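Heads up: the sequence shown at position 216 corresponds to 225 in my numbering, and the numbers run straight through without jumps.
Glycine is no exception: its CB is placed at the ideal position from the N, C-alpha and C atoms.
Given the structure is predicted, the values throughout are model-derived calculations rather than measurements.
Working notes for the structure below.
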Amino acid sequence: MIRQTSSAIATIIRDFVSIYPVSLNLNLTIYTQKSGKFYKPWPVSTPIVISDAAQISELSNSSHVLSQRAAYNDIFGLKTTLNNYKADETATARSRLSGRLIYVNGVKNLPKLYPFLSQRLDYELKKEMRLGRHKQDGSISLPLAPLMRNLTTSLMAFIFLGGNLSTDPIMANALLQYPKDMMKSFAAFQFTPSILSRYVFDLHFFQRSNLTLPSFVHAILTKRGRAMHILVNKLTEIMGPGRDTWDEPEATKKLTLAWNMPELATENKYWTDASLLAQSLLGMWFAAIHQPWMNLDFVLQELCLSEAWQHKLLGELKGCEKLDYHTLQQLPCLDGFIKETVRLNPLDTMAIRRKALQDYTFSGGSPHVPAGRIVCVSSYNLMHDAVHYPCPDEFEPFRFINKETGASTSRFTDVHENFPIWGYGSLACPGRIQASIVMKMVVAAIVAKYEIRLEDEGAKRMWSWESFRMPYEGTRILLRERKG
C-alpha cells in the first residue's frame, strides 16, 4: 500500500514539476472519499483584495495581527519544509535581524564582493556553455530555466557563504536542491489528499524530546529532508562552534551573511543558539533564491524576442568606462528593461499576502477580515493601472527613463504600492538589492558575450496555476558568441 501510494504521489509530482505547457486549475486537486473534501494548503475562501494606498500601508504595518509568516506557511507548508517554523509567531526579532543583516550589512558589503562574484559568474557561465548542444550555425543550445537557476544559485550562495562552502559538492547540491524540494512540496500539497499530506512520518534524526512532524508526502519527495538537514547542520556549525575554524579566506568570509549574522544576533536575547540562526538563514536562502531565477528567465525570454533591445543594452554596457558594482546598478536601460519585464510578468498576480491571526477591521471601517482569512493586493491590477502606466499592456522600458536626461525615473528596487513585487512598508523585501545585482550581472554577462534567441519561438514558455505564473522548464535558448 505504501509503495503504491508513493508511486502515485511521485507520478503526480513528476508530471507537475516537469511543467507541461498547460494551465492548471483547482479541479485537478485529488478528492478524498474518506473526508469528502479536496485538500488545499490555504483556505479555500477567496482572498480579500484591497487597492487603496492607505489600506496597503495599513496592511503592511499590522504584522501583529495580519501575518506574512502565516500566509506563506499556508502556501509552502513551511511547518514541514522549515524545521521548527512557527507560523503564527509575531516576534519582530526575526524581521529586524534580517533587515539589518541583508539590507544594511549585506548591501554595504556588495561592492567588495562584486569582483569575486564576477569571477564566479564567468566561471559558471563557461561551465554551462560546455554542457550545451552545439548547432551548425555555431550557436549553443541550453535549457533556459536550469541555466538561470544554476547561475543565480551560484552567485547567491557566494553572498551567503563565500567561495569554499558554496562550491563544496555536497553543499552546492543541497543549496540547489532545497528550493526545489520546497517547490515540489508546494506542488504536492496542492494535489495530494490531506490524509497523506498531514499525517506524520517519524524522522529518526530528530530527538524524541523535540520531535517535529514532517508530512508523509514531504518525507517521500525530499528524501526525509536531506538537503534541508545538510544545510542546517553546516550553518549551525559555522555560525556556532565551528565559526573560528570556518575554512574561508578572510577577504571574503567577513563579507558573507553567514559570518555577519551571529555578530548581529548577540544584541537580542531572542537568538538563543546557532541552530535557531541556521533555521532563519535557511528561510532567507529560500526567499533569496526562488524568485530571481524565474524573473531572469522571463527577462531573457523578452531579450530573445527583441534584437533591438539586445543591441541597446550592449551599447549601454560598451559605453561604460568601468563596469563595477555602482556602474552596473545605475544603468537606466538595463534597469528599465528588467523592471518592465517583471511588471508584465509577475510571478504572483497577488502580492503582500497576509493572514488574519484574529478578526481585524481596517481603520476606515472596512473591509472586515475574519480570523483565518487572507487579505492581499492584486499586483496585476496595480501594475496595469493606466494612470501610473499609460498603455499598460505595451512593453515599454522607456516608461521608467527620463526622455530628456536619460536617467532612471523609477528604479527596479523601488518599493511602491503600484509596484508591489517587493512587498511594502516595514516588511518590504530586504534582499531586493542583492536580487537586483545578481539579475543585472547575469543579463550583462550574457548580452556582452552572446547573441541570443529562442530555439523555438512558437513553443509555450510559461504556465500558470491559480495566481502563480512560472517559466516552462523545457524552453531552450540559443547563444552564439559575438564577433569582434
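Using only alpha-carbon positions, find the residue among the options that is nearest to residue i.
i: residue 461; options: 430, 410 and 310; result: 310
i: residue 302; options: 120, 418, 320 and 158; result: 158
i: residue 383; options: 106, 368 and 284; result: 368
i: residue 58; options: 405, 490 and 358; result: 358
i: residue 176; options: 189, 162, 192 and 316; result: 162
i: residue 348; options: 146, 133 and 431; result: 431
i: residue 341; options: 270, 182, 232 and 321; result: 321
i: residue 237; options: 143, 376, 114 and 179; result: 179
i: residue 484; options: 152, 143 and 71; result: 152
i: residue 189; options: 76, 62 and 235; result: 235
i: residue 361; options: 396, 405, 424 and 411; result: 424
i: residue 436; options: 62, 104, 73 and 65; result: 104
i: residue 289; options: 115, 110, 343 and 128; result: 110
i: residue 135; options: 451, 438 and 63; result: 451
i: residue 65; options: 438, 363 and 147; result: 363
i: residue 241; options: 473, 84 and 283; result: 283
i: residue 232; options: 117, 166, 186 and 317; result: 186
Are the CB atoms of residue j and residue i within a distance shorter than 8 Å?
i: residue 388; j: residue 421; result: no
i: residue 447; j: residue 164; result: yes
i: residue 307; j: residue 350; result: yes
i: residue 378; j: residue 365; result: yes
i: residue 125; j: residue 265; result: no
i: residue 287; j: residue 440; result: no
i: residue 247; j: residue 274; result: no
i: residue 328; j: residue 417; result: no
i: residue 257; j: residue 141; result: no
i: residue 69; j: residue 433; result: yes
i: residue 312; j: residue 319; result: yes
i: residue 442; j: residue 119; result: yes
i: residue 183; j: residue 323; result: no
i: residue 495; j: residue 459; result: This structure cannot speak to residue 495, because the chain is shown only from 10 to 493.
i: residue 515; j: residue 285; result: The chain is shown from 10 up to 493; residue 515 falls before or after that span and cannot be answered.
i: residue 304; j: residue 343; result: no
i: residue 428; j: residue 352; result: yes
Closer than 7 Å: is that where the CB of residue i sits relative to any heavy atom of the ligand ADP?
i: residue 167; result: Here there are no bound small molecules, and the ligand ADP is not part of this structure.
DSSP three-state label for residue i, please.
i: residue 314; result: coil
i: residue 428; result: strand
i: residue 255; result: coil
i: residue 295; result: helix
i: residue 131; result: helix
i: residue 188; result: helix
i: residue 279; result: coil
i: residue 492; result: coil
i: residue 359; result: strand
i: residue 140; result: coil
i: residue 81; result: helix
i: residue 484; result: coil
i: residue 499; result: Shown here, the chain extends from 10 to 493; a query on residue 499 therefore has no answer.
i: residue 470; result: coil
i: residue 462; result: strand
i: residue 396; result: coil
i: residue 433; result: coil
i: residue 232; result: coil
i: residue 104; result: helix
i: residue 419; result: coil
What are the boundary residues of the beta strand (DSSP E) that residue i is part of?
i: residue 263; result: Taken as a continuous stretch (DSSP letters only), residue 263 belongs to no beta strand (DSSP E), as it is neither H nor E.
i: residue 240; result: Premise fails: residue 240 lies in the alpha helix (DSSP H), 235-247, not in any beta strand (DSSP E).
i: residue 478; result: 477-480
i: residue 383; result: 383-387
i: residue 57; result: 57-59
Any idea if residue i is buried or exposed, counting beta-carbon neighbours within 10 angstroms, 16 or more meaning buried?
i: residue 372; result: exposed
i: residue 220; result: Low per-residue confidence applies at residue 220: pLDDT is 36, beneath 50, and the placement is therefore not dependable, though the value from the model is reported in the following sentence. Exposed, because fewer than 16 other Cβ atoms sit within 10 Å of the Cβ of residue 220.
i: residue 22; result: Because the pLDDT of residue 22 is 44, which lies under 50, any placement of that residue in the model is unreliable, and the number read from its coordinates should be weighed accordingly. Per the 10 Å Cβ criterion, buried.
i: residue 300; result: buried
i: residue 81; result: buried
i: residue 449; result: buried
i: residue 60; result: exposed
i: residue 399; result: exposed
i: residue 281; result: exposed
i: residue 276; result: exposed
i: residue 254; result: exposed
i: residue 154; result: buried
i: residue 131; result: exposed
For residue i, report the span of its alpha helix (DSSP H) as first-last.
i: residue 455; result: 441-458
i: residue 149; result: Counting along the chain, residue 149 falls outside any alpha helix (DSSP H), though it belongs to the beta strand (DSSP E) covering 149-152.
i: residue 63; result: 62-69
i: residue 176; result: 172-176
i: residue 353; result: 341-353
Under 8 Å between C-beta atoms, does residue i make it to chain D?
i: residue 305; result: You won't find chain D in this structure, because it holds only one protein chain.
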